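The sequence shown begins at -2 in this note's numbering and counts up one residue at a time.
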Amino acid sequence: MREHTAIYGGEMSGHHYFKDFYFSDSGMIPWLLVTEIMSKTNQPLSELVLKRMQQYPISGEINIKVHQPEQLLEEIKNHYQTQSVSVDDIDGYSFDFDSWRFNLRMSNTEPWFG
-2 MREHTAIYGG EMSGHHYFKD FYFSDSGMIP WLLVTEIMSK TNQPLSELVL KRMQQYPISG
58 EINIKVHQPE QLLEEIKNHY QTQSVSVDDI DGYSFDFDSW RFNLRMSNTE PWFG
């Protein structure tokens, strides 16, 4: 986050990091932001997230141990980048297609893809 001057970072595990909170993890700030949106829109959380959940269902984290993860990551990138609508390389590779998307990244501590 510091390297890219990001204002926010989050993980599937539920950790949320904020630049204005000294890049620290906080569960309270996201909950306060969500309740503010609910108050302003007068919508329950279920309505606010329904369309996004239907459009982008989440499988959860899938981790696979691989041999030579760097090489395999490049091969996967080369295969999908020409077929995808967009590619983002901020955290591994995120590929967006018309009706689906996926993110693939190497673990920083083990020979895993997730």
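All C-beta atoms, glycine included, are put in the ideal place defined by N, C-alpha and C. As the structure is a prediction and not an experimental result, all values here were calculated from the model.
Pop quiz: residue i and residue j are said to be a contact at Cβ under 8 Å. What is the actual Cβ separation, rounded to whole angstroms?
i, j, result
"R102", "D93", "With a Cβ gap of about 15 Å, R102 and D93 do not count as contacting."
"L45", "I34", "7 Å"
Measuring alpha carbon to alpha carbon, tell me which residue in the options is nearest residue i.
i, options, result
"R49", "S96, H64, S83", "S96"
"G57", "M9, E0, Y5, Q68", "M9"
"E107", "Q52, E67, L30", "E67"
"L70", "D85, Y90, P41, A3", "Y90"
"Q51", "H1, S104, R98, E0", "R98"
Confirm, please, whether the CB-CB distance from residue j to residue i is below 7 Å.
i, j, result
"W109", "K62", "yes"
"M(-2)", "F18", "no"
"G7", "H1", "no"
Exposed or buried, what is residue i when buried is set at 16 or more other beta-carbons lying within 10 Å of its beta-carbon?
i, result
"F15", "buried"
Within 6 Å: the Cβ of residue i and any heavy atom of the ligand GDP?
i, result
"H1", "Ligands displayed in this structure: none; no statement on the ligand GDP is therefore possible."
Runs of beta strand (DSSP E) lying entirely within the segment 55 to 96, each at least 3 residues, in chain order = Entirely contained in the segment 55 to 96, the beta strand (DSSP E) runs reaching 3 residues are, in chain order, 83 to 85, 90 to 93.
task = Pick out the complete beta strand (DSSP E) segments inside the segment -1 to 44, 3 residues or longer, and give them in chain order.
result = Runs found: 5 to 7, 13 to 15.
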